[in-house]
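Sequential numbering of the sequence shown, starting at -17, is according to the working numbering.
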Amino acid sequence: MELHSTPPADGVIAAAVEMPEPDVHVVTSSGMLIPAHSKILASASPVLESIIERPQKRRSSDRNIPILGVPYDAVPVFIQFLYSRKCTEEQMEKFGIHLLALAHVYSVPQLKQRCTRGLAQRLTVDNVVDVFQLARLCNAPDLRLKCMKLLSNNFKAVAETEGWKFLQNHDPYLELEILQFIDEAESRRKMRRRRREQQSLYIQLSEAMDCLEHICSEGCTSVGPSDMDLSKHKGPCSKFSTCHGLQLLIKHFGTCMKRVNGGCLRCKRMWQLFRLHSSICGQPDECRVPLCRQFKLKAQQDPRGGSDERWRLLVRKVASAKAMSSLSLPKRKREEEPRMGMDNREMRSIKLY
Ligand SMILES: [Zn+2]
Ligand SMILES: [Zn+2]
Ligand SMILES: [Zn+2]
């Protein structure tokens, strides 16, 4: 079989050769006519398909399809996308908003996705209100959410823009919707902050529990079990900021004349720390922490006595923070880690209950 001697046509020429003559014209708002192929338009957009398939009075070669309502020079970019599924970054920069509107009106999901991404990347304080309104009209929830986030994080600056002032005068419902979102975002932020603070309280308490066991079993600096010679004891431990606060509290508890029932708050705090220890203590028999056995006995006799839901929650949270801290870091590293310890002031500020 003989090979063709003529060189193969390049892609563009081949496409032009294979492509039939355009059989429709797209008409823009300026009256510009863009020749196009009805089959390609119809396959890319069901809306254009139904326009093209409408019964017509005149011959198909005279067919005009109006695409109005956007600047005339955005229409060729739209048509180009229907042919190639592509548009450049410059085109997105210049016509992104109009292309999103066209993608929505003519049901072209790929272009809608492209515009959602493109516009989200180009969001600014100055254009966010316009893009938000459009995202709402065009049912583009991802873009809408991005706008809302930018709005709520930069609301002061946005409120100064022309776009926002226009919105206030012309779309009070949308203004309200945005303000509500900002309000909810603020409460979500507060809730997260509160949760973080609570978590750090549980971590501090779990560390206090470690220190309490360590003081009552090994002794530390000047406080320790009564049968231990503390004068031989070495310097401060690695968690000394927490440990020291606890030692002062223990010393106070041992000597205070007012005591818990007398209304001493420091004694009450120590009492609660002993009780918390007993609630999570894993060594029922050899435990040397004061009052541990007494609290346990009391709890056995009256399982629900004196412990309400909040206390049980606290116990669960501290126990899990303790488990996490002993699991998450290898022992050696834990000692080198800068301590997030409580100093004396923090120790006093802990509200247990
Ligand atoms: Zn210590
Ligand atoms: Zn006291
Ligand atoms: Zn114990």
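C-beta: ideal position from N, C-alpha, C; glycine also.
- According to the DSSP secondary-structure assignment, PRO48 is paired through a beta bridge with VAL9.
- Of the residues LYS147, PHE148 and LYS131, the one whose Cα lies closest to the Cα of ASP165 is LYS131.
- In chain order, the residues with a C-beta atom nearer than 7 Å to some heavy atom of ligand 2 are HIS234, PHE235, CYS238, LYS240, ARG241, CYS246, ARG248 and CYS249.
- If you measure from each CB to the nearest heavy atom of ligand 3, the residues under 5 Å come out as CYS263, CYS269, VAL271 and CYS274.
- In this structure, LEU30 lies away from PHE60, with their beta-carbon atoms at least 8 Å apart.
- Taking 7 Å as the cut-off, the C-beta of CYS202 counts as close to a heavy atom of ligand 1.
- Residue environment analysis places ARG298 among the exposed positions, since fewer than 16 neighbouring C-beta atoms fall within 10 angstroms of its C-beta.
- Distance check between TYR54 and each of LYS76, GLU72 and ARG45 places LYS76 closest, using alpha-carbon atoms only.
- Between SER66 and SER25, the alpha-carbon positions lie close to 12 Å from each other.
- The criterion of a C-beta distance shorter than 8 Å is not satisfied by MET191 and VAL107.
- Ranked by Cα distance from SER199, the options LEU273, GLN62 and GLU268 are led by GLU268.
- Distances between the C-beta of ILE197 and the heavy atoms of ligand 1 include at least one below 7 Å.
- The DSSP-derived three-state label of PRO53 is coil.
- Here the C-alpha atom of ARG270 lies approximately 13 Å from the C-alpha atom of LYS278.
- Look at the beta carbons and you see the segment 149 to 156 touching the segment 95 to 115: at least three pairs across the two are nearer than 8 Å.
- Contact between VAL6 and ARG45 holds, since their C-beta atoms are separated by about 4 Å, short of 8 Å.
- The way I'd put it, the segment 170 to 190 does touch the segment 224 to 239; three or more beta-carbon pairs between them come closer than 8 Å.
- Short note on CYS225: C-beta closer than 7 Å to some heavy atom of ligand 1.
- In the three-state DSSP reduction, PRO58 falls in the helix class (H, G or I).
- Between VAL57 and VAL87, the CB-CB gap reaches or exceeds 8 Å.
- Comparing alpha carbon positions, the residue from GLY236, SER134, ILE16 and ILE33 closest to PHE256 is GLY236.
- GLY78 counts as buried, since at least 16 other C-beta atoms from the protein chains shown sit within 10 angstroms of its C-beta.
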